[in-house]
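There are 6 protein chains.
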Amino acid sequence: MSRVVTFGEIMLRLSPAGWQRLFQTGEMRACFGGAEANVAVSLANFGEDAVFVTRLPDQEIGHGAADALGRFGVDVSHTAWGGDRLGLYFCERGAGVRNSLCIYDRAGSAFQRAKPEDFDWDTIFRAADWFHFTGITPALGGELARICQEACRAARQKGITVSCDLNYRSRLWPEEEARRIMTALCADVDVCMGNEEDAETVFGIHSSGTDVQAGILSGRGYEKTMEELRDRFGFRQIAFSLRASHSATRNDLSGLLYDGERFCRSREYQLDHIVDRVGSGDSFAAGVIFGLCRGWDGQKTVEFATAASALKHSIEGDFNRVSCREVSKLADSGGNGRIER
Amino acid sequence: MSRVVTFGEIMLRLSPAGWQRLFQTGEMRACFGGAEANVAVSLANFGEDAVFVTRLPDQEIGHGAADALGRFGVDVSHTAWGGDRLGLYFCERGAGVRNSLCIYDRAGSAFQRAKPEDFDWDTIFRAADWFHFTGITPALGGELARICQEACRAARQKGITVSCDLNYRSRLWPEEEARRIMTALCADVDVCMGNEEDAETVFGIHSSGTDVQAGILSGRGYEKTMEELRDRFGFRQIAFSLRASHSATRNDLSGLLYDGERFCRSREYQLDHIVDRVGSGDSFAAGVIFGLCRGWDGQKTVEFATAASALKHSIEGDFNRVSCREVSKLADSGGNGRIER
Amino acid sequence: MSRVVTFGEIMLRLSPAGWQRLFQTGEMRACFGGAEANVAVSLANFGEDAVFVTRLPDQEIGHGAADALGRFGVDVSHTAWGGDRLGLYFCERGAGVRNSLCIYDRAGSAFQRAKPEDFDWDTIFRAADWFHFTGITPALGGELARICQEACRAARQKGITVSCDLNYRSRLWPEEEARRIMTALCADVDVCMGNEEDAETVFGIHSSGTDVQAGILSGRGYEKTMEELRDRFGFRQIAFSLRASHSATRNDLSGLLYDGERFCRSREYQLDHIVDRVGSGDSFAAGVIFGLCRGWDGQKTVEFATAASALKHSIEGDFNRVSCREVSKLADSGGNGRIER
Amino acid sequence: MSRVVTFGEIMLRLSPAGWQRLFQTGEMRACFGGAEANVAVSLANFGEDAVFVTRLPDQEIGHGAADALGRFGVDVSHTAWGGDRLGLYFCERGAGVRNSLCIYDRAGSAFQRAKPEDFDWDTIFRAADWFHFTGITPALGGELARICQEACRAARQKGITVSCDLNYRSRLWPEEEARRIMTALCADVDVCMGNEEDAETVFGIHSSGTDVQAGILSGRGYEKTMEELRDRFGFRQIAFSLRASHSATRNDLSGLLYDGERFCRSREYQLDHIVDRVGSGDSFAAGVIFGLCRGWDGQKTVEFATAASALKHSIEGDFNRVSCREVSKLADSGGNGRIER
Amino acid sequence: MSRVVTFGEIMLRLSPAGWQRLFQTGEMRACFGGAEANVAVSLANFGEDAVFVTRLPDQEIGHGAADALGRFGVDVSHTAWGGDRLGLYFCERGAGVRNSLCIYDRAGSAFQRAKPEDFDWDTIFRAADWFHFTGITPALGGELARICQEACRAARQKGITVSCDLNYRSRLWPEEEARRIMTALCADVDVCMGNEEDAETVFGIHSSGTDVQAGILSGRGYEKTMEELRDRFGFRQIAFSLRASHSATRNDLSGLLYDGERFCRSREYQLDHIVDRVGSGDSFAAGVIFGLCRGWDGQKTVEFATAASALKHSIEGDFNRVSCREVSKLADSGGNGRIER
Amino acid sequence: MSRVVTFGEIMLRLSPAGWQRLFQTGEMRACFGGAEANVAVSLANFGEDAVFVTRLPDQEIGHGAADALGRFGVDVSHTAWGGDRLGLYFCERGAGVRNSLCIYDRAGSAFQRAKPEDFDWDTIFRAADWFHFTGITPALGGELARICQEACRAARQKGITVSCDLNYRSRLWPEEEARRIMTALCADVDVCMGNEEDAETVFGIHSSGTDVQAGILSGRGYEKTMEELRDRFGFRQIAFSLRASHSATRNDLSGLLYDGERFCRSREYQLDHIVDRVGSGDSFAAGVIFGLCRGWDGQKTVEFATAASALKHSIEGDFNRVSCREVSKLADSGGNGRIER
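Keeping their order, the protein sequence lines are chains A, B, C, D, E and F.
Heads up: the first sequence at position 30 corresponds to 1368 in my numbering, and the numbers run straight through without jumps.
Heads up: the second sequence at position 211 corresponds to 1549 in my numbering, and the numbers run straight through without jumps.
Heads up: the third sequence at position 62 corresponds to 1400 in my numbering, and the numbers run straight through without jumps.
Heads up: the fourth sequence at position 92 corresponds to 1430 in my numbering, and the numbers run straight through without jumps.
Heads up: the fifth sequence at position 249 corresponds to 1587 in my numbering, and the numbers run straight through without jumps.
Heads up: the sixth sequence at position 163 corresponds to 1501 in my numbering, and the numbers run straight through without jumps.
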């Protein structure tokens, strides 16, 4: 069992019931989620010792977030308690030609106002094997980029593997700022997750022959992008999830892992009837971390990560409520849609 | 901003929750809808000054209908209050091979018992630019065909554009009666909406090479039908929505607009995971009215109308809860299924 | 109107709401179901005089099961009241690559502890035309195999047609035991329902050229299997449902009926947006029984049975809440997905 | 087991979820109910052979009503199928100072358009012991008063006991008409149920010393009213339910039975937390019928009837979903609020 | 019909379903509310021309708030669109000894960041008769106290009646600051609403003989407080709601109105089964405004206001979904808990 | 922070939504609960280090139970995994005169089939301060009485305080057997919780002057019972919860604690609008344990325990979702029903 520390923001998520639009009837579902928290829950579900580090307001909403993670056995004992509010987001589920819609309300959150002294990385990293964060955390502003830097440094010094999911969000910061800060952070990163859009917008690396908007995906283009990322940052492993999005409820999904030598591509899943796509990238990242922690080879790792991500599309909420056994079964069989009795 | 007056019946709609059959558990969803009311709500959502004229019973159910329209900013100040009941219909959502099912209970409704003196068209049409009704209204019997005639005449005299969606419903009247009355009404109509079935059943105009039941659609057949409609009635614009229905939850949809000179055909949408198809024709009609009011050319208009109709398939209830921006975005991009953040 | 007696276990079924995982929120839907009870409900819905024979605990849960059948007009007056509990099962609805999941908790149920003296077959079979059971009943252990044997014998003696759906469940008994007991029981069976997997696991008869896991279905392979079944057991009719399972929510379905002379294959349905697949085999069996009771030819029978089964995929719960008219309409038209108004 | 025939209208009832107002969110609960149908369900729950006679439209809504009664084992085989619609009513649940609100939409229902020839009383009353109707049925107009008269005559001729619950509804008919028709009908009635308001408005008999609006109830006043009713109509038994209504959710309830000699008054229940009061009078009537059918004395009968009515206040929907055992237990103990395990 | 302008913040309100605690299952109900918005909705429901002035973010959440008011016919055309977020609050419904709990998250809301130039009072007050705000608005900080001052001045100059509900909230500002600012604002106020706690905390005026925590209410103490308020500020009318809170679900409520000469006290309501108490003070204030606008005398006004407030306790959400007719009926009758049919 | 170990069965609880009867609509709520698990959750909520020891089946239902406890931070690491099923119970919520109803289905559960070797008390009790069980555990049969004995012995030897809640359930065992086994177990018990019924049925000690069914409670009678319990078993502390049950939704509640010298009686709570009473005794027991662990005096302890129990009546489900702060606040103030903002 590896001890994996993740660091980021967890938010309250509010979604209308079913396929309703926001405020259509007022029936809503509340849950919690955030990129790094989602990774932690996946790892805990797979059986790892997952730690989620964040800052939460010391009131009912903040405790609600911590309790939701406790439900999955994620260790939240390093939480910095303080601040005024938990960030939140509204998420409307799309169907067919109507895309899913996320509206964020996270300004002034407890996490955004975190200070470096809120986190004692020496203590946090005790017995840890892996540290994971995403590009969302430094994008949140305040001192978070600096705190990420400190965490990466501390992890490096202790010989802890560092992974980063690029996760570019244009609403949070402009491309230039993202490029500057992410370039600095990636110096300490061993394993990089993302997709071709992230690579292009964050680092200006274009997957030739690929036009995501038009649904054209080029295998060789991806590989070139990955090679360039490796060359530029010295990543030990690079993992991309590849998606062709036919509609909000029908996607094709595969994964690609590059260890500097070999490109391993997973089987492709035709995903019909998507229930909730939010967090599927985090599930992929968690699968990659899990496979590498277990010492699996690239093919086995990318198959597992892609199967985990494919399953996430069938689960409501941010968290990927699937077990290691369920993911392995799908990775092995490719899915047959039969009832399990 | 154009002022568009629509005239028709609004009903209470009762649907079982999810994909349940009627009375399977007793959980139901109540909303309001009706062909012309749906058009008014769409236009209000697009930013137009929409007026809905009807007759409602002066009790909680009638006021519920008016309030539901007020929620979208539709002007209901010309409502004739009176009568005993609001018409209603039950609507079971289909899935796969099980078709959606609508059961109407509208006999004796306040609207069906409307009298010509309930509506002062001079006042109603003050400052109006457009008048819209559908073939359902005269089909309801009583004095409604006569009232429609009066409204069309009044609109014509004031130089208001008149549009009509043929909307043939075999349960409401026999073909011969529909033909007789609709032929008379269409003399005052400038813009005609419908589909090839309406044209055939109402006016006996057959789209050669098309067999809707078998899913065979012929572009040239449609065009001939439209030409004949123009020749016969002198319509300035004719708009058809074309649908290939693979199952209750999977359709292909496109639109065709003919201005007497040019045939403009929209892109075709593959609609998977249909949430609720009721009212999608009304959304198409509203899109046509909106484009023509804005002075858009035929292609832009039919792309907008078809995108609006495509989006409706993802929305629960009769009303198309989408904004002008959302429709335009789909019309421009064709939809990529990505999450909007 | 034929009188059809079915014999088996009915259970309480508990499912999370929507596409939630078990205990994700605690919202659940309770209904009742079981292979033979499902057949009885289908037959009652088609207009037959359906009798369901079982043993139920004389408390609220047992009475709940009886009342649920009473809702459909199934005759439960021959229920043996006694025992401590009603068996139950949990059923999670799958979507896309996530399969549906059923967890049974039926040990020690009132039915499993039934005794031969609980059922007076002479009385039960008065005026009966048909007796139906499935391979699940003898698999439940206790004295149920023996009771099945007695029922079959009694039916035979009275000239009642006996049908059996093989319905192999690996969790309930090992293949060898199934083979031994089902072989004995099939001696009294006139009409056999099942699929190629049942034939292979229960009787060791392989459909050559077919690999269900891989989605390869061979028409000729099925026919050979059916011929062998007829040769070995002397069945008068054999009916198979053939399924290609692309995902939990997308299947292709057809049916095959063999009367010892002719193979009748139904049209194939592309089922998208599957709502609930549990009980679809029972719907097929009920359709076969219904067609044969009515004296329909093989083609009409298998078309009806397959249409009934296809419709079941759109219905929540075990019971197939469709009428004879609805099934016939689909069987005749193949489904066009249009709204019925 | 006595065979009790009831005759009246059953309606679809639509109620907002919880304590919402109509159309507050659109979440509604559908169930079925009507005074005489409610009596039939109660009697079936108590173990009697209950028959409900009505006219229903032969479509999904009418069949839904019949199925809902079938769930409780009520015999609906004498239903006259025909007409266009099922009557319905909307029912908003009150709380505290906000009264419950019922809005009826029953004009033109299948039942209101019933004809005498729809009902063959000779066949219906075969093996029957009791016939029950309420003042609502003749109040519905059309030929219903005449049909009631025919039914009463037929029952009388066969020696069947006839009971009538006065159930005056001012919305349905004026006092004078009610008086005229009910006076005629009561000539054939053996057992009369009602309350002091009914007696006053229908027959002009005032309970002196009682002011229901002011919450003043006078025992002796009631007795005088009952004596006068007996003198005037020769009723064998008269049963009143007495209610002091403190708020929509808090009432005091007792019952009074007069057999021409003795006045039997039940214990009084302080009902807090009323869930749904609709149908509580019907539960009382059913309890009276049940006790008299069983040959119980007046005190036992009125205690049972009042306990049944008290329990109804805790049950959602029109139907009193309680067993004979539960009612007897409350009648014996007076209720202690303990959990039954 | 009077034109009443109210000014304040409207928030999104999120409440767990039923009596659940926050995040117990994740089922939530979303609605909108805020002290002044609640007053506007009440007045619109009573038939007045109600205007609500606020600042809203120009995204889905802000538009949701405006649409919710449009549903009731409140005029929101003077909305200042801008800012980043809508304030929100979480509200857990109490029962018995568990109090209701409200958690606010309104920092940084669009309204809190309003500027004086966002509101053109000259235009807003065109044709207005009344201006209403509460002590919450200046307490929100930023420039809101100054904006309130400007609005009051403008109203005064135009001869518009100004009313203020003291509405002290200790979480928003300290007593001293409240006293300073409210004292200044009250110079322009004609009609003051509040309760004895407000008077004590805001202005240091103690109701002798009253101990709210202990449930001791002294009529004469209130009167003295009111006299002192009138002497100090020259209010033309002062209205207090008086509440004895036995539990979260059981309160006694009455109202007191003082016009400088006469004290008018309403009847007292025993409120059992409280559904939702939030907004009941706003309902009282709206009732006072309504009565005074109509020119009613003090007694009629306070009876109406108290009845409106009593009814609010039975309504879910902030808005008092009752009509003028319903309030008058309760005010006249005192409530009898009978079903209205 | 004390470490408190509890030992018992946890079950799946299934309740109809709202105040529905079982299977009225099929909407159910699933949660988990059991006497000792409820105590553990309360203690964890109060901030103690709570350990729950049980045996669970290693499938989704068993893991669901463990996860539900993990949500509250209860340590379930000592769970013995094995067995076939989780026990479950159905629980219908009562209202007014209709009592709550619990139907158990726990035979053959994983816990009932536990063996002594499943639990290594030496390891379990490491660092523990307190051990708690209830009379339900030995009543479940199998080897559970023996396992309880071993646990008590082990606790005693380690100087761990042992508490037992008598919790007599007549459905589980006869009085004589209960008396024999509980007498033996109580030899090792330091702190005894229960009520006068338990004392009478389990140990034959009658509270003179008390008739629970009739609602007569005698303070002195209780004290005598407690004295006799202390004399007979040498308990260091005895705590009784005293309840007068007016209806299913209205109770009066107080607590009594006897330390061998002083009788401390808490304030009495008038509980209206009871939401869910199940588990209120467990909340009382947890409050007693918490107070004694903290070293509080008898009066403070019994006030806290009674306030905790009173709050439980307002919470859905078995678990008492309240914090130490909330309980203390109620214990200090007695509850005023005001909204907390």
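For glycine and all other residues, C-beta sits at the position ideal for the given N, C-alpha and C.
Please check the pair residue i and residue j, which I expect to be a contact at CB under 8 Å, by giving their CB distance rounded to whole angstroms.
| i | j | result |
| --- | --- | --- |
| ARG1451(C) | GLY1473(C) | About 20 Å; that fails the 8 Å criterion. |
| ARG1600(B) | GLU1641(B) | About 14 Å; that fails the 8 Å criterion. |
| ALA1448(D) | GLY1400(D) | 7 Å |
| ALA1623(E) | ALA1645(E) | Contact doesn't hold; Cβ gap of about 14 Å is too wide. |
Are there 16 or more other CB atoms within 10 angstroms of the CB of residue i, so buried, or fewer, so exposed?
| i | result |
| --- | --- |
| ARG1588(E) | buried |
| LYS1650(B) | buried |
| GLU1514(F) | exposed |
| GLN1495(E) | exposed |
| ASP1528(A) | buried |
| GLY1465(D) | Here residue 1465(D) is Ala; the residue named in the question, Gly, does not match the sequence. That one is exposed. |
| MET1520(D) | buried |
I need the DSSP call for residue i, collapsed to helix, strand or coil.
| i | result |
| --- | --- |
| GLY1408(D) | helix |
| MET1349(C) | strand |
| SER1380(A) | helix |
| GLN1575(B) | strand |
| LEU1439(D) | strand |
| ARG1517(E) | helix |
For the ligand MN, I want to know if residue i counts as a neighbour, meaning its beta carbon is within less than 7 Å of at least one of the ligand's heavy atoms.
| i | result |
| --- | --- |
| HIS1470(F) | In the structure shown, the ligand MN is absent, as is every other ligand, since no ligand is present at all. |
At the level of alpha carbons, what is the spacing between residue i and residue j?
| i | j | result |
| --- | --- | --- |
| GLU1365(B) | GLY1432(B) | 16 Å |
| GLY1356(C) | GLU1430(A) | 16 Å |
| ARG1518(F) | THR1475(F) | 14 Å |
| THR1363(A) | ARG1663(A) | 38 Å |
For chain G, is any of its Cβ atoms less than 8 Å away from the one on residue i?
| i | result |
| --- | --- |
| ASP1422(C) | Protein chains in the displayed structure are A, B, C, D, E and F, and chain G is not among them. |
Legend entry - Any alpha helix (DSSP H) of 4 or more consecutive residues that is wholly inside the segment 1476-1503 of chain E: Annotation: the segment 1476-1503 of chain E contains the following complete segments of the alpha helix (DSSP H) (minimum length 4 residues), in chain order: 1482-1495.
Legend entry - Unbroken stretches of the alpha helix (DSSP H), 4 residues or longer, contained in the segment 1387-1432 of chain C: As far as the segment 1387-1432 of chain C is concerned, its whole alpha helix (DSSP H) runs of at least 4 residues are 1398-1408.
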